[in-house]
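Here my numbering is used: position 470 in the sequence shown is 490, and no number is missing along the way. By construction, the Cβ of each residue, glycine as well, lies at the ideal position given by its N, Cα and C atoms. None of the values given here were measured: they were computed from a predicted structure. Structure record follows, encoded as structure tokens.
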Amino acid sequence: MRDLFLLGSLLGAFLLVAGQPYNYGIDIESLTRREDESSRIVIGRLPLSPNGTLPVRLEIRQMKADPYRWDLFILALKRQAYQQAATDFRIPYWDWAMGAPDGEDHFPKVFWDPIISQRGPRGVQNIRNPLYAYPFHPKDEDAFIWAPLNSWDETKRAPDTSVSLISPPSNNDQVSAALLSKLPEIQQRLFILFSNYKDFNTFGNKAWAASQNLSSWDSIESIHDIIHIYGGLKGHMTYVPLSAFDPLFFLHHTMTDRLVAMWQVLNPSSWMTPASAGETSFTTLKGDIQDSKTALTPFFASKDGTYWDSDMSRSTEAFGYTYTDTDPSPIGGQDLRDQLVKKINSWYGGSSAAGLRTKKQRARRHPHKLSDLGMVGRHLAGWKPNVRIDAEDPPASSVVKDGQYTEWIANVLVNAEALDGNFGIHFFLGAAPAQSKEWNWAANLVGTVGIFAMDRTTGSQLKISGTVPLTSALVKMVAVGEIAHLGVEVVEPFLRQTLQFRVLGSDGEEVEPNAVAGLYVGISSSEVKASEKETELPEWGTMVTRIEMWS
Numbered sequence: 021m022r023d024l025f026l027l028g029s030l031l032g033a034f035l036l037v038a039g040q041p042y043n044y045g046i047d048i049e050s051l052t053r054r055e056d057e058s059s060r061i062v063i064g065r066l067p068l069s070p071n072g073t074l075p076v077r078l079e080i081r082q083m084k085a086d087p088y089r090w091d092l093f094i095l096a097l098k099r100q101a102y103q104q105a106a107t108d109f110r111i112p113y114w115d116w117a118m119g120a121p122d123g124e125d126h127f128p129k130v131f132w133d134p135i136i137s138q139r140g141p142r143g144v145q146n147i148r149n150p151l152y153a154y155p156f157h158p159k160d161e162d163a164f165i166w167a168p169l170n171s172w173d174e175t176k177r178a179p180d181t182s183v184s185l186i187s188p189p190s191n192n193d194q195v196s197a198a199l200l201s202k203l204p205e206i207q208q209r210l211f212i213l214f215s216n217y218k219d220f221n222t223f224g225n226k227a228w229a230a231s232q233n234l235s236s237w238d239s240i241e242s243i244h245d246i247i248h249i250y251g252g253l254k255g256h257m258t259y260v261p262l263s264a265f266d267p268l269f270f271l272h273h274t275m276t277d278r279l280v281a282m283w284q285v286l287n288p289s290s291w292m293t294p295a296s297a298g299e300t301s302f303t304t305l306k307g308d309i310q311d312s313k314t315a316l317t318p319f320f321a322s323k324d325g326t327y328w329d330s331d332m333s334r335s336t337e338a339f340g341y342t343y344t345d346t347d348p349s350p351i352g353g354q355d356l357r358d359q360l361v362k363k364i365n366s367w368y369g370g371s372s373a374a375g376l377r378t379k380k381q382r383a384r385r386h387p388h389k390l391s392d393l394g395m396v397g398r399h400l401a402g403w404k405p406n407v408r409i410d411a412e413d414p415p416a417s418s419v420v421k422d423g424q425y426t427e428w429i430a431n432v433l434v435n436a437e438a439l440d441g442n443f444g445i446h447f448f449l450g451a452a453p454a455q456s457k458e459w460n461w462a463a464n465l466v467g468t469v470g471i472f473a474m475d476r477t478t479g480s481q482l483k484i485s486g487t488v489p490l491t492s493a494l495v496k497m498v499a500v501g502e503i504a505h506l507g508v509e510v511v512e513p514f515l516r517q518t519l520q521f522r523v524l525g526s527d528g529e530e531v532e533p534n535a536v537a538g539l540y541v542g543i544s545s546s547e548v549k550a551s552e553k554e555t556e557l558p559e560w561g562t563m564v565t566r567i568e569m570w571s
């Protein structure tokens, strides 16, 4: 998947040219030689640092702390280049899988303000923030077929159309809150991907499991879709062909590229298996066999017309950059893998049952105990449980027995174009709130499979899949005595009685499951051996289907 995410981010970077630039005292546009439309734009390897080392791609907050690199980043988006700094500059990433530093918003503030004070060669000036929005110059209303997006002069996130349909303000605070609410399930899904997914096609592709009749239904592509859906909230990021215009797009894709690079450190021998194309594109027909040597059009690797392929773009080094967490030069080999596993356990392992043994006490945003919330009787009779990450945990000994525990996962399979545009399948312990607008914030929401898709324009019958981990929520039920442990004999009847799902359409209205083409919802479990060392990941057993909720 690196080839798609990385090259997609490069395309997004090419598209990002904001208006109202920094005033250098000269006409920058007249000095900038534009590529002739008929010439080939070659994507080459970036140069090494002046000291000969491979430059590291930084998280956006790290880059913000370096004033010169940050100046270069913002001003370079305005076609300016500081030559010496540019030699080891790499587009940063936003780590949407980690909580923000204390006192900061989850969605970084660098995206929030329309106008920013920016330092440059002619001092500090107030300029249009190129990370806030991309201004169209001019907009093509025929190309932007979705109303009212086709009437807006710039990209939007969570557009507040109650204020204005012509030029609604972006609500980045809603984006921050929405993505923060998804953080626990994102971390759970990543921990499962890193510990249980060993095959590249399965890890990378949300259509692969369905096509191969596999039992592992998640993918980095499906997790990636969450940021598009909730980073856009009906703005441009939410629409597949428009998403690259949002400045968030390429910082999201560089983060996805980093996660792929991390997985490759853990699974260096796994690579693409040939597969038939599930859909027709501009250069591929449905059913064509694609492999690691298939041309990644339209990205040229050389002036002679050679395209990049997946083998050529297998490593970040091929493009002239690395990440702190995957850089082999300081330690390399097994030491690099061991250090990375430690980080994965620390970053995401707290979401697992095994993580209870080492997880530090979290600062609680809502410092109540579940037992104080008015539970009435067994199996959630009239009670809305808080299954969020800030709810209390039980002792590790109640869920991990003899070094083993049971993982529970909700699996979703559906047609990619089942509905008109994006939609989501939400899972709740107990009844969902009566108002669908409250679903994303419900205390008893376990998680959501977001389907990032086009409307029914191509007639595609492609099947895609995604998952919602249930174990973390079930651990909270152990904490309050609703269930005694995570074993099949108690969890299966509990889920049959309490677990519910609801479908939310792109218009924010509930959709009946029988109106969703190809929908399947099933619950599986697996016995897992907890890791004994911080340099090890859990070992998963066979997934077993326990409940079929909808087929």
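Residue i - DSSP class collapsed to helix/strand/coil
i	result
Arg566	strand
Pro267	coil
Val407	coil
Tyr425	strand
Val510	helix
Ala499	helix
Asp358	helix
Lys159	coil
Asp329	strand
Trp228	helix
Arg148	strand
Tyr250	helix
Trp560	strand
Glu174	strand
Gly375	helix
Ala338	helix
Asn43	coil
Thr317	strand
Lys129	helix
Residue nearest to residue i in terms of C-alpha spacing, selected from the options
i	options	result
Thr491	Arg209, Met282, Ala535	Arg209
Leu472	Gly450, Glu437, Phe447	Reading off the sequence shown, one finds Phe at residue 472, where the question assumed Leu. The residue with the shortest Cα to Cα distance from Phe472 is Glu437.
Asp245	Met257, Trp237, Ser236, Leu234	Met257
Gly45	Gln100, Arg60, Met83	Gln100
Glu552	Leu482, Thr274, Asn365	Asn365
Gly525	Ile429, Leu253, Gly450	Leu253
Tyr425	Gly528, Asp331, Leu494, Lys202	Leu494
Pro41	Glu79, Pro67, Ala96	Ala96
Expected contact under 8 Å - CB spacing of residue i and residue j to nearest Å
i	j	result
Gly255	Thr175	7 Å
Leu360	Val285	5 Å
Ser239	Glu427	17 Å between Cβ atoms; not a contact.
Ser196	Phe270	So it is not a contact: roughly 19 Å between Cβ atoms.
Gly444	Gly470	5 Å
Leu482	Ala229	The Cβ separation is near 13 Å, so there is no contact.
His248	Trp116	His248 to Trp116, Cβ: 11 Å. No contact.
Buried or exposed (CB count within 10 angstroms, at least 16 for buried), residue i
i	result
Ser335	exposed
Asp160	exposed
Phe302	exposed
Pro288	exposed
Val144	exposed
Trp461	exposed
Ala454	exposed
Ile351	exposed
Arg142	exposed
Pro179	buried
Tyr217	buried
Ser296	exposed
Ser577	An answer regarding residue 577 cannot be provided, because it is not within the stretch 21 to 571 covered by the chain.
Pro415	exposed
Tyr88	exposed
Cα-Cα separation, residue i to residue j
i	j	result
Asp311	Trp291	10 Å
Asn192	Met563	39 Å
Ile609	Pro318	Since the first residue shown for the chain is 21 and the last is 571, residue 609 is missing from the structure and cannot be characterised.
Arg81	Asn43	26 Å
Gly542	Gly353	39 Å
Gly200	Lys323	The sequence given here has Leu at residue 200, not Gly. For Leu200 and Lys323, the distance between alpha carbons rounds to 44 Å.
Ser485	Glu568	15 Å
Gln300	Asp308	Before going on, a small fix: residue 300 reads as Thr here, not Gln. The alpha-carbon atoms of Thr300 and Asp308 are separated by roughly 9 Å.
Glu532	Thr487	20 Å
Gln138	Ile94	8 Å
Tyr341	Asn149	26 Å
Ser571	Pro70	59 Å
Pro489	Gly72	44 Å
Ser330	Lys313	6 Å
Ala321	Thr293	23 Å
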